[in-house]
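Everything below concerns the one structure shown next.
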Amino acid sequence: MNVNIVVNGINTKGDIEPRMLLVNYVREHLGLTATNIGCDTSSCGACTIHLDGESVKSCTILAVQADGGNVTTVEGLAIDGVMHPMQESFMQNHGLQCGYCTPGMVMAAISILKENPNPTEQEVRAGLEGNLCRCTGYHNIVHSVLACAGKN
Amino acid sequence: MKSASVRTRREILGASALRPDGGPKVQGSFAFSSDVWADNMLWGATLRSPHPYARIISVDISEALKIIGVESVLTAEDVPGKLTYGLIDADQPVFASGVVRYMGEPVAAVAADHPETCRRALAAIRVEYEVFEPLINPEDSISGSFPAIHPNGNLLRHQRVVCGDKDATGQIVVECEYEIGMQDQAFLGLEAALAIPDQDGLGVEMIVATQWLHEDRKQIALCLGIPENKIRLTLGGVGGAFGAREDISLQVHASLLALRTGRPIKMQYSREESFFGHVHRHPAKIWIRHHASAEGMIIKIEARMVFDGGAYASTSGAVLINAVTHIQGPYRCANAVVDGFAVRTNNPPCGAMRGFGVVQACFAHESQMDKIAIACGLSPVEVRLRNAMRIGDKLITGQPVESVAPVERCIRETDAIPLPPNMTLSPHELSIPGGSGRTADRQHIVRGVGWGVSIKNLMYSETFDDFATARCRLQDGIVTLKFATAEVGQGFVTIAPQIARSVLGVDTVFVDPTDTLIGSAGSTSASRQTWMSGGAVDGACRLVRERLFEHVASQHNIDPLQLEIDDTDIVDTLGDLRISVAQASSGVFFEETFEHHHRPTTDLDANGQGNCHVAFAFVAHRAVVDVDTELGLVKVVQIATAQDVGRALNPLSVLGQIEGGIAQGLGLAVMEEILMVDGIVKNPSFTDYLLPTALDAPDVVAVLVEEPDPQAPLGAKGVGEPPCISVTPAIAAAIRDATSRPITRVPVRPSDICF
Ligand code: FES
Ligand code: FES
Chain A
51 MNVNIVVNGI NTKGDIEPRM LLVNYVREHL GLTATNIGCD TSSCGACTIH LDGESVKSCT
111 ILAVQADGGN VTTVEGLAID GVMHPMQESF MQNHGLQCGY CTPGMVMAAI SILKENPNPT
171 EQEVRAGLEG NLCRCTGYHN IVHSVLACAG KN
Chain B
561 MKSASVRTRR EILGASALRP DGGPKVQGSF AFSSDVWADN MLWGATLRSP HPYARIISVD
621 ISEALKIIGV ESVLTAEDVP GKLTYGLIDA DQPVFASGVV RYMGEPVAAV AADHPETCRR
681 ALAAIRVEYE VFEPLINPED SISGSFPAIH PNGNLLRHQR VVCGDKDATG QIVVECEYEI
741 GMQDQAFLGL EAALAIPDQD GLGVEMIVAT QWLHEDRKQI ALCLGIPENK IRLTLGGVGG
801 AFGAREDISL QVHASLLALR TGRPIKMQYS REESFFGHVH RHPAKIWIRH HASAEGMIIK
861 IEARMVFDGG AYASTSGAVL INAVTHIQGP YRCANAVVDG FAVRTNNPPC GAMRGFGVVQ
921 ACFAHESQMD KIAIACGLSP VEVRLRNAMR IGDKLITGQP VESVAPVERC IRETDAIPLP
981 PNMTLSPHEL SIPGGSGRTA DRQHIVRGVG WGVSIKNLMY SETFDDFATA RCRLQDGIVT
1041 LKFATAEVGQ GFVTIAPQIA RSVLGVDTVF VDPTDTLIGS AGSTSASRQT WMSGGAVDGA
1101 CRLVRERLFE HVASQHNIDP LQLEIDDTDI VDTLGDLRIS VAQASSGVFF EETFEHHHRP
1161 TTDLDANGQG NCHVAFAFVA HRAVVDVDTE LGLVKVVQIA TAQDVGRALN PLSVLGQIEG
1221 GIAQGLGLAV MEEILMVDGI VKNPSFTDYL LPTALDAPDV VAVLVEEPDP QAPLGAKGVG
1281 EPPCISVTPA IAAAIRDATS RPITRVPVRP SDICF
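Note that the protein sequences, when read in sequence, are chains A and B. Position one of the first sequence corresponds to residue 51 (our numbering), numbered consecutively onward. Position one of the second sequence corresponds to residue 561 (our numbering), numbered consecutively onward.
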């Protein structure tokens, strides 16, 4: 099937199998490997991206469902080489160790602040509940999001 | 507590320097091993046994080979070298031959043009099995009542530890049997590798996520039947490890397929396959009896510890030794009779996971300490303080605890941390047990407080020389470091440059790719890399500094011993010479390689006596929990901890390890368990194997106890494992405190609380 998806501001096309997941479209068809796969059961959130401005787990969506849509991955956040404040905040606040959860966390975190620019710690935790991290115990991740909110 | 994140002007030792890979990781340009691709590559996949124990009657690959796009199908017959591999005993087949001994054991591997083709090929392989009754009860392995399921027998290791007076008794006697469930490391970045065959077909290059490149290379070479120097391994980005990458998983399969097809092979596991593709934490049963005086002083320990190693040895023997030698906990104990067994069963193989045998022992000894406290009318803190080990005290193995042993201080510092406020009358739904959507009733919620204290050995034990190698090059004021130390998220890439900056007075430090083009660094495990690879980097930098001082001294006609580094300058301590390192090193090229070896250790004798460990670290945890006694749900409110870190080379990074380790210990306490029925794994997915989320992670208040260890090259002890050890018994004790239930197993299930 043919799809047209805007990914990080660029029109992309593909003649793809209908069963192809959006995460595979991004990773394998486009070679944008920042978006990670951590499970087979939509449990981990490592694959979180933005589709039409909403954060979604890209392993739960078929690429064909995103046809005509607008996708942002973590690779598309920086503007003119300047990192998104959330990326900067994760980096500055040690919001990562192995970094495997990081692209998904950053995308989810941006959505949290979009909906609620001044969240409480608990609201941040609730917002990140669908994103697993095995390394950090989440403290510095939550801290990164709150620090970013404080700056905005 | 974030107070430790001090940023100094220069990112030297002691500063909370940021990760150099932080930028690439937040931007997604950091390549994990799963992100690596090659032109013309094929995909590899593994066929695994659906049975825990069966005879393989036949394997028919002919239909699979007919599928268009399938390039190769390999079985046991195709292994050119050694047919088995393993970290300690090579007892695990590359592919099962004749018999499968656990559910998930590899039987065949395919290479094809697409993962989907691989899946169809796997489905087309016909394996005929004669299914046997599996050996699942470790007691049957010990008693010998079950016929051997492996040529090496069903007992992996037995170790006795006997010391002091076997007949000593105490006025207080407490005993219990404890049980620990099988935990998964559940790193987030799934197993993945890319194997690229050499053009001449005689060697292979591999990019892989692992904990120990050189050990992988050794095992791959043996199975491939080619010399080690025909194999080059480069570390692919590692998405966490926690012990699960210490054993080989897909390395040999991918290399074999690459050599067979002459094309690059990419292999990566799904989450489900990952549960079958790596070892787990040993489930264990520990019976233990303490004799104590009326004052609560431990007089004797008797214990029988049974660790289920699953189908293959992996590191079971070493895990068992850790368990039996740590069963006294961080407490004085003069008399002991301990029997430990690591056994083979048809359950999934178990091996390394953060804490390595000490986690299980700690749950038992800490639960016992509370029993002694109750019997003697002491508080949990008091009973621990009375028995706390000090420098010079001995393990039950006869090994003295030397150097630094701030057990008492860890307990007191933890005790001084304020308790969290009580739950309000109408708490936020997210802060109560079960969280949002549950029906916890405020009236059924009870608070409890519990303690856990632990001792953990650092580095490898029992005569193992797990040295580390590093190279330092100084050129024009710029340092380049090279080592094979696997960065798995722990942060060695941050502290290695900090070491170089401190020793050499430079600011710019590069780290070369991590690969096998330099000597081994040993494994990223056993809390050992800061000590071992840190020692190697420090040693290499010091050698380079000597060369630099000689160079400067000869130019100025002074004794190099007069020179020292002050910030970024070289200064003459006896004169007025001051010259910047950048200037002094301009145009020169110094390169030195250093191997750091820890002090030798000994084996244990038949009575478990011997100085088998290198060094120890200590930690205390206090847990505060809210328990819904009606629903059996637990919310861990706060963990207070004080950890013996020697010296915090990067406080931010140390706190990160502490917070992450605590979350894993919490997982074992109340959430995480691989469930098995007759050797069948029931929950190999993240929907059924539950990991702590951001809402489950408690508030962590941490104190770093800094007493530099003179035996450690940088004064720093390893910090990776201690955080996840005594937090589990602390949480269990808090649940006991809240509910008065016995809580003799972890993870604690709702039924342990309600019925
Ligand atoms: S890969 Fe785990 S939720 Fe998408
Ligand atoms: S940093 Fe490793 S999973 Fe989050």
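Built from N, CA and C at the ideal position, the CB exists for glycine as well.
Per-residue DSSP class, three states only, for residue i
i: residue 562(B); result: The pLDDT assigned to residue 562(B) is 34, lower than 50, so where the model puts this residue is not dependable; a value taken from the coordinates is nonetheless given after this. In this structure, residue 562(B) counts as coil in the three-state DSSP scheme.
i: residue 680(B); result: helix
i: residue 736(B); result: strand
i: residue 1264(B); result: strand
i: residue 722(B); result: strand
i: residue 567(B); result: Low confidence applies here, because residue 567(B) scores a pLDDT of 41, under 50, leaving its location unreliable; read the following figure in that light. In this structure, residue 567(B) counts as coil in the three-state DSSP scheme.
i: residue 1016(B); result: strand
i: residue 706(B); result: coil
i: residue 1053(B); result: helix
i: residue 1023(B); result: coil
i: residue 970(B); result: helix
i: residue 77(A); result: helix
i: residue 1295(B); result: helix
i: residue 701(B); result: helix
i: residue 185(A); result: coil
Spatially closest choice to residue i from the options, by CA coordinates
i: residue 910(B); options: 948(B), 868(B), 814(B), 928(B); result: 868(B)
i: residue 904(B); options: 988(B), 1164(B), 621(B), 700(B); result: 700(B)
i: residue 578(B); options: 1224(B), 1229(B), 1213(B), 1266(B); result: 1213(B)
i: residue 1220(B); options: 798(B), 1101(B), 1170(B), 1285(B); result: 1285(B)
i: residue 747(B); options: 53(A), 166(A), 87(A); result: 87(A)
i: residue 878(B); options: 1085(B), 619(B), 1261(B), 623(B); result: 1085(B)
i: residue 1303(B); options: 697(B), 740(B), 694(B); result: 740(B)
i: residue 931(B); options: 921(B), 943(B), 920(B), 619(B); result: 943(B)
CB contact below 8 angstroms: residue i versus chain B
i: residue 144(A); result: yes
i: residue 125(A); result: yes
i: residue 86(A); result: yes
i: residue 141(A); result: yes
i: residue 109(A); result: no
i: residue 239(A); result: Examination of residue 239(A) is not possible in this model, given that chain A is present from 51 through 202 alone.
i: residue 117(A); result: no
Cβ-heavy atom distance, residue i to ligand 1, below 7 angstroms
i: residue 96(A); result: yes
i: residue 1059(B); result: no
i: residue 92(A); result: yes
i: residue 109(A); result: yes
i: residue 119(A); result: no
i: residue 88(A); result: yes
Any C-beta of chain A under 8 angstroms from that of residue i
i: residue 1251(B); result: yes
i: residue 1316(B); result: Since the first residue shown for chain B is 561 and the last is 1315, residue 1316(B) is missing from the structure and cannot be characterised.
i: residue 568(B); result: For residue 568(B), the predicted model reports a pLDDT of 48, less than 50, meaning its position is unreliable; a value from the coordinates is still stated below. Not one chain A Cβ lies under 8 angstroms of residue 568(B).
i: residue 1317(B); result: As shown, chain B starts at 561 and ends at 1315. That puts residue 1317(B) outside it, with no answer to give.
i: residue 946(B); result: no
i: residue 985(B); result: no
i: residue 1052(B); result: no
i: residue 572(B); result: no
i: residue 990(B); result: yes
Ligand 2 heavy atom lying under 7 angstroms from the CB of residue i
i: residue 184(A); result: yes
i: residue 1284(B); result: no
i: residue 152(A); result: yes
i: residue 149(A); result: yes
i: residue 748(B); result: yes
i: residue 800(B); result: yes
i: residue 1049(B); result: yes
- Query: Just by C-beta distance, which residues in the region 94-107 of chain A are closer than 7 angstroms to chain B?
  - Reply: 94, 96
Worksheet entry | Members of the region 172-196 of chain A near chain B, C-beta cut-off 9 angstroms | 172, 173, 174, 175, 176, 177, 178, 179, 180, 181, 182, 183, 184, 185, 186, 187, 188, 189, 190, 191, 192, 193
Practice problem: Using a Cβ-Cβ cut-off of less than 9 angstroms, give me the residues of the region 583-595 of chain B that come near chain A, in sequence order. | Solution: 583, 584, 585, 586, 587, 588, 589, 590, 591, 592, 594, 595
Chain-ordered residues of the region 830-857 of chain B with a beta carbon less than 7 angstroms from chain A: 830, 831, 832
Quiz item: In chain order, what residues of the region 1190-1220 of chain B put their CB closer than 9 angstroms to some CB of chain C?
Solution: The question asks about chain C, but that chain is absent: this structure's protein chains are A and B.
Can you list, in chain order, the residues of the region 798-818 of chain B whose Cβ is nearer than 7 angstroms to any Cβ on chain A? 798, 799, 800
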